[in-house]
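Trainee:
2 protein chains.
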Amino acid sequence: MPHRILVIGGGAAGIGAAGGVKAADPRNEVTVYTEFEDVGYSPCGIPYVHGKEIDSFERLFLAQKEAYVQAGIDVHYETWVSSIDLHRKVIDVVGEGEVHWDRLVVATGFEYSDPGVPGGRLDGLYYVKNIRRAMEWDKVLDTVRSAVVVHATPLGLEMTTALAHRGIDTHLVDPQPWALADVVDPDIIAPVQDSWQEMGVHLHFNTTLTSFNGTQRLQSVGTTAGEIPADLAVLSTHKQPNVTLAARAGLRTGPTGGLVVNERMATSAPDVYAAGDCAELPHGVTRVGVTGLTGSHAYAQGKVAGFNAGGGTKRYQPVYVPWGTPAGKWVIGGASFGETLATALGLPFVVGRAEGISRARYYPGVRPVRVKLLAEPDQLRLIGAQMVGQEGIKERADFLATAVKFGLTLRDLAAMENVYSPAIGALNEPIVLAAQNGLDSLAGGG
Amino acid sequence: MPHRILVIGGGAAGIGAAGGVKAADPRNEVTVYTEFEDVGYSPCGIPYVHGKEIDSFERLFLAQKEAYVQAGIDVHYETWVSSIDLHRKVIDVVGEGEVHWDRLVVATGFEYSDPGVPGGRLDGLYYVKNIRRAMEWDKVLDTVRSAVVVHATPLGLEMTTALAHRGIDTHLVDPQPWALADVVDPDIIAPVQDSWQEMGVHLHFNTTLTSFNGTQRLQSVGTTAGEIPADLAVLSTHKQPNVTLAARAGLRTGPTGGLVVNERMATSAPDVYAAGDCAELPHGVTRVGVTGLTGSHAYAQGKVAGFNAGGGTKRYQPVYVPWGTPAGKWVIGGASFGETLATALGLPFVVGRAEGISRARYYPGVRPVRVKLLAEPDQLRLIGAQMVGQEGIKERADFLATAVKFGLTLRDLAAMENVYSPAIGALNEPIVLAAQNGLDSLAGGG
Ligand SMILES: Cc1cc2nc3c(=O)[nH]c(=O)nc-3n(C[C@H](O)[C@H](O)[C@H](O)COP(=O)(O)OP(=O)(O)OC[C@H]3O[C@@H](n4cnc5c(N)ncnc54)[C@H](O)[C@@H]3O)c2cc1C
Ligand SMILES: Cc1cc2nc3c(=O)[nH]c(=O)nc-3n(C[C@H](O)[C@H](O)[C@H](O)COP(=O)(O)OP(=O)(O)OC[C@H]3O[C@@H](n4cnc5c(N)ncnc54)[C@H](O)[C@@H]3O)c2cc1C
Chain L
1 MPHRILVIGG GAAGIGAAGG VKAADPRNEV TVYTEFEDVG YSPCGIPYVH GKEIDSFERL
61 FLAQKEAYVQ AGIDVHYETW VSSIDLHRKV IDVVGEGEVH WDRLVVATGF EYSDPGVPGG
121 RLDGLYYVKN IRRAMEWDKV LDTVRSAVVV HATPLGLEMT TALAHRGIDT HLVDPQPWAL
181 ADVVDPDIIA PVQDSWQEMG VHLHFNTTLT SFNGTQRLQS VGTTAGEIPA DLAVLSTHKQ
241 PNVTLAARAG LRTGPTGGLV VNERMATSAP DVYAAGDCAE LPHGVTRVGV TGLTGSHAYA
301 QGKVAGFNAG GGTKRYQPVY VPWGTPAGKW VIGGASFGET LATALGLPFV VGRAEGISRA
361 RYYPGVRPVR VKLLAEPDQL RLIGAQMVGQ EGIKERADFL ATAVKFGLTL RDLAAMENVY
421 SPAIGALNEP IVLAAQNGLD SLAGGG
Chain U
1 MPHRILVIGG GAAGIGAAGG VKAADPRNEV TVYTEFEDVG YSPCGIPYVH GKEIDSFERL
61 FLAQKEAYVQ AGIDVHYETW VSSIDLHRKV IDVVGEGEVH WDRLVVATGF EYSDPGVPGG
121 RLDGLYYVKN IRRAMEWDKV LDTVRSAVVV HATPLGLEMT TALAHRGIDT HLVDPQPWAL
181 ADVVDPDIIA PVQDSWQEMG VHLHFNTTLT SFNGTQRLQS VGTTAGEIPA DLAVLSTHKQ
241 PNVTLAARAG LRTGPTGGLV VNERMATSAP DVYAAGDCAE LPHGVTRVGV TGLTGSHAYA
301 QGKVAGFNAG GGTKRYQPVY VPWGTPAGKW VIGGASFGET LATALGLPFV VGRAEGISRA
361 RYYPGVRPVR VKLLAEPDQL RLIGAQMVGQ EGIKERADFL ATAVKFGLTL RDLAAMENVY
421 SPAIGALNEP IVLAAQNGLD SLAGGG
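Residue numbers (full-length UniProt numbering), protein chains in the order written: chain L, 1 to 446; chain U, 1 to 446.
#1: Would the beta-carbon of residue 74 of chain U be found less than 7 Å away from any heavy atom of ligand 2?
#2: Quick check: what's the CA-CA separation for residue 357 of chain U versus residue 430 of chain U?
#3: Residues in the same chain with beta-carbon distance under 6 Å from residue 272 of chain L, minus the five sequence neighbours each way, listed in chain order, please.
#4: What distance in whole Å lies between the Cβ atoms of residue 360 of chain L and residue 42 of chain U, which are believed to be in contact at a cut-off of 8 Å?
#5: Shorter than 7 Å, the distance from the beta carbon of residue 8 of chain U to the closest heavy atom of ligand 2, or not?
#6: Please classify residue 379 of chain L: does DSSP put it in a helix, a strand, or coil?
#7: Can you tell me the Cα-Cα spacing of residue 444 of chain L and residue 265 of chain U, whole angstroms?
#8: How would you call residue 416 of chain U, buried or exposed, if buried means at least 16 neighbouring beta carbons within 10 angstroms?
#9: Does ligand 1 have a heavy atom nearer than 7 Å to the CB of residue 277 of chain L?
#10: Given the structure, does residue 62 of chain U come close to ligand 2, in the sense that its CB is under 7 Å from one of the ligand's heavy atoms?
#11: Output the distance between the C-alpha atoms of residue 15 of chain L and residue 383 of chain U, rounded to the nearest integer angstrom.
#12: With DSSP as the reference, please indicate the residues paired to residue 170 of chain L in a beta bridge.
#13: Identify the continuous alpha helix (DSSP H) that holds residue 66 of chain U and give its terminal residues.
#14: Which stretch, first to last residue, makes up the alpha helix (DSSP H) that contains residue 393 of chain L?
#15: Do residue 77 of chain U and residue 31 of chain U have their CB atoms nearer than 8 Å?
#16: Given a limit of 8 Å on CB to CB distance, which residues of the segment 379 to 406 of chain L reach chain U?
#17: Compute the Euclidean distance between the alpha carbons of residue 5 of chain U and residue 267 of chain U, then round it to the nearest angstrom.
#18: Inspect the beta-carbon positions of residue 83 of chain U and residue 251 of chain U and report whether they are closer than 8 Å.
#19: Quick one: what does DSSP say residue 185 of chain U is sitting in, helix, strand or coil?
#20: What are the partner residues of residue 203 of chain U, as DSSP defines its beta bridges?
#21: Enumerated in chain order, which unbroken segments of the alpha helix (DSSP H) with a length of 4 residues or greater are wholly contained in the segment 320 to 365 of chain L?
#22: State yes or no: is the beta carbon of residue 173 of chain U nearer than 8 Å to at least one beta carbon in chain L?
#23: Check for me: the alpha helix (DSSP H) holding residue 504 of chain U runs from which residue to which?
#24: I'd like to know whether the C-beta of residue 331 of chain L is nearer than 8 Å to at least one C-beta of chain U.
#25: Measure the alpha-carbon distance for residue 219 of chain L versus residue 175 of chain L and round it to whole angstroms.
#26: Comparing the CB of residue 366 of chain U with every heavy atom of ligand 1, is any distance shorter than 7 Å?
#27: Would residue 370 of chain L be called buried (16 or more neighbouring beta carbons within 10 Å of its own) or exposed?
#28: Determine the direct distance from the alpha carbon of residue 332 of chain U to that of residue 424 of chain L, and round the result to whole angstroms.
#29: Verify the contact flag: residue 308 of chain L, CB atom, against every heavy atom of ligand 4, threshold strictly below 7 Å.
#30: Which residues, taken in chain order from the segment 420 to 434 of chain U, show a beta carbon closer than 7 Å to some beta carbon of chain L?
#31: Name the chain L residues that come within less than 7 Å of residue 415 of chain U, Cβ to Cβ?
#32: Quick one: which chain L residues come within Cβ less than 8 Å of residue 53 of chain U?
#33: Determine the direct distance from the alpha carbon of residue 45 of chain U to that of residue 119 of chain U, and round the result to whole angstroms.
#34: Using a Cβ-Cβ cut-off of 8 Å, state whether residue 418 of chain U counts as contacting chain L.
#35: Along chain L, in chain order, which residues have C-beta atoms closer than 8 Å to that of residue 322 of chain U?
#36: Is it right to say residue 18 of chain U is buried, meaning 16 or more other beta carbons lie within 10 angstroms of its own, or is it exposed?
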């Protein structure tokens, strides 16, 4: 029996959900609501257009609006959903009134946390998200001389790199002692920070934002380390689950503030699913909830939520979070926990490190690959990994997340076979070296 | 108690063994014999120097001779071992006489199989192996106008690409219907063959070598498809285990012709170990013996053999053979079996294929990545994979070999998390797409 399914949100999760609904049963009716002018574009590309690595915003659109019509997905653009009534199974849509649902998917995503300082309404404060706004801001960037990036989150790393690429005098401000300090270990981020300095970026760590200063337009950014003259502030603050609507309706949220879902992506209310950055998922190693993962997670969760809402049965598994991004002149990445996070969580671990290389030592373009593996001290099962290098970081991160998930040990990785071919891989795979070094340091008692 | 250990062979296996001997106990005495002028260079780089991608042969040396002296490894260069006496535990060394051993490691490597046609002693026939000869041949290449590469083995692929890069009119001759037909499936090699044609390479498949023609110097190569005028023939024929010495001494060989070893790399004779291309190892999926693997395998096996010969205990595990190499304008790679080999072995399998991409669709430099996964039809456990693409083929091959080894299924890979970051990885990892497509085609009965 086909269902009438509403999806709130047109980001990666919402679009994945609409596809999932149709995959479960093409006769299902599905409507997607988004406050934005577009769906099916990649926000992930925005920093790279700003940085002039991608030549136009048009490239970021994955599909024409017509394609959604063809697929039987009814998208309501620039449409705000103002409330959810779980009891009567309706939502309130501004300009449309009450709309009934058999099943609802909440995919309202994230919002940047409020920096909570004076001056937050000045012109010149840029929250990167909507592609139309990004297109407008891109013109502004041509006139910007000095910019401050507020907080060294993943987006902050990308925007810092992009603005520096573009020749803008760029400052990065973060209260922690190094960039991405919640996730990344200092030995992994160090080369990135060095490379930013080579690119002329001014780094302000251990520095708290205190104000945005100016009349009408931003003129400077106030910090605990002094005032920074600036035409632009990019607010890449922490991503928070956007659950205002859902929480008001009575859906349960967890300790991270994200919506609680089970493995079918079903929320605490019958017939209501959630997916993407508004949901909280268990981490595979600790089973503790995490939120604000990536667009790739949002899309995959959306597909599962939509499929189940549409009458199918799929499970979404606990997450091991492979991640990776270019930053400065490097690529950093990893899976699950690094030392900083494992220590904060009180997880015991042993470490294996190596300074490997990406190609044969003698092949042009060879670059260092630093790999660090964390394992639980008993069986030496991998619990996380971090890397800095260039080529192959993304593929290694995917692999290592899978290795954590399937319980591979340092011994397994130390005995791993690897491709040696001068232009594409070194005699010794850096992951293997790190595992062997880990075992050696244990054998040596070190 | 330290041992007196002799290693016959100074290739990857022999050098790995010498290191293993010292790692087991630094007091062990170890002597390496090689007929060549050098050890510790990378033959793998030779095709790339010929192809002008690497600018000098000097770069291929990993260590100075002095480094081996420092490490306590006594290398006898240009020294031929003429026989092994298992009973009296001596070898016969030309110019040195009988030398006693407590433990022996046989690492005599491979030899190219004899093409078995007339004209095999003409000038202009090049067997690529010894770096000194390669340096001499590199000068000859400056004068070569037309070359024939005999057999599309892994080295044949590299030499074809290298000679074409260098601007030599290049012909590839192989009796099989496509390149590397023992290992690689036609859908994987097709783009490579197309790219060779774009590079001006003449492909002669289903074509058997019949003669080398000329007086003194090569003038043409005879084939079943006609005569090819040529100044040079590169003989990249099948690699055979070089076991003449060992077999004469009475060491057991297996069905592939390689020396039979157990998981400690011990041969059929007490205190005698073997490693590298002269040894035969069980394939992890079938447990059938395989030989002629890679330099990376040879090195790892050498370390295990040397460590055990030196009084330690290490195991070498069955192989799942990740492989990869640039070829033409592409990179190909895989792990364990492709369709051709699985079919030849009578293994039942199902297939999942995908045409993925290496970066975000909109990021400059994005390239296709074709992935094919083979799984056994019952539990859908992976038994092999093949790929053609560019970036990340080597890292995916390493991963997929590990996935086969640890029994991961198509379902596991279909649910795999992956990094999405525009410059380094696409929203959908090609491996995941291939696994999902495989499951879909099963569900659809296709
Ligand atoms: C600049 C930028 C760069 C990024 N880079 C990467 C990257 O490199 N890799 C990666 O994997 N991910 C990246 N992301 C993805 C990001 O980090 C999130 O994980 C992802 O956007 C989450 O998707 P989502 O669909 O859950 O939420 P969102 O993308 O936040 O979408 C939420 C949707 O809900 C709608 N909405 C919310 N409330 C309402 C309402 N009341 N009424 C109507 N509509 C509503 C919004 O209009 C929007 O369509 C990037 C995102 C941005 C903005
Ligand atoms: C041109 C070329 C390119 C290659 N490319 C790659 C690649 O890209 N990736 C990769 O992984 N591998 C590559 N290889 C490695 C190769 O395919 C083998 O796997 C590897 O060389 C095997 O190492 P081995 O030590 O077992 O044998 P070998 O390298 O064959 O070494 C044998 C040694 O034994 C010595 N020897 C033999 N008999 C005697 C005797 N009676 N007395 C004294 N000494 C003796 C020889 O002098 C030599 O030192 C390449 C090899 C070549 C030649």
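Cβ atoms here follow ideal geometry from the backbone N, Cα and C, with glycine treated the same way.
Mentor: Looking at the coordinates:
#1: no
#2: Looking at the two C-alpha atoms, the distance is approximately 7 Å.
#3: 104
#4: 6 Å
#5: Within 7 Å of the C-beta of residue 8 of chain U there is at least one heavy atom belonging to ligand 2.
#6: coil
#7: 25 Å
#8: buried
#9: Between ligand 1 and residue 277 of chain L, a heavy atom-to-CB distance of less than 7 Å is present.
#10: no
#11: Here the alpha carbons of residue 383 of chain U and residue 15 of chain L stand approximately 34 Å from one another.
#12: L:147
#13: 65 to 70
#14: 393 to 405
#15: In this structure, residue 77 of chain U sits away from residue 31 of chain U, with a CB-CB distance that is not shorter than 8 Å.
#16: 391, 392, 393, 394, 395, 396, 397, 398, 399, 401, 402, 403 and 406
#17: 15 Å
#18: It is not a contact, given that the beta carbons lie outside the stated cut-off.
#19: Note: residue 185 of chain U maps to coil in three-state DSSP.
#20: U:172
#21: 339 to 344, all fully within the segment 320 to 365 of chain L.
#22: no
#23: Shown here, chain U extends from 1 to 446; a query on residue 504 of chain U therefore has no answer.
#24: yes
#25: Between residue 219 of chain L and residue 175 of chain L, the C-alpha separation is close to 21 Å.
#26: No, ligand 1 has no heavy atom inside 7 Å of this Cβ.
#27: If you draw a 10 Å sphere on the C-beta of residue 370 of chain L, you find 16 or more other C-beta atoms in it, and that means buried.
#28: 11 Å
#29: Although ligand 4 was asked about, the structure shown includes only ligand 1 and ligand 2 as ligands.
#30: Answer in chain order: 420, 421, 422, 423, 424, 425, 427 and 429.
#31: 317
#32: 363, 364 and 423
#33: 29 Å
#34: yes
#35: Chain L residues near residue 322 of chain U: 417, 418 and 419.
#36: buried
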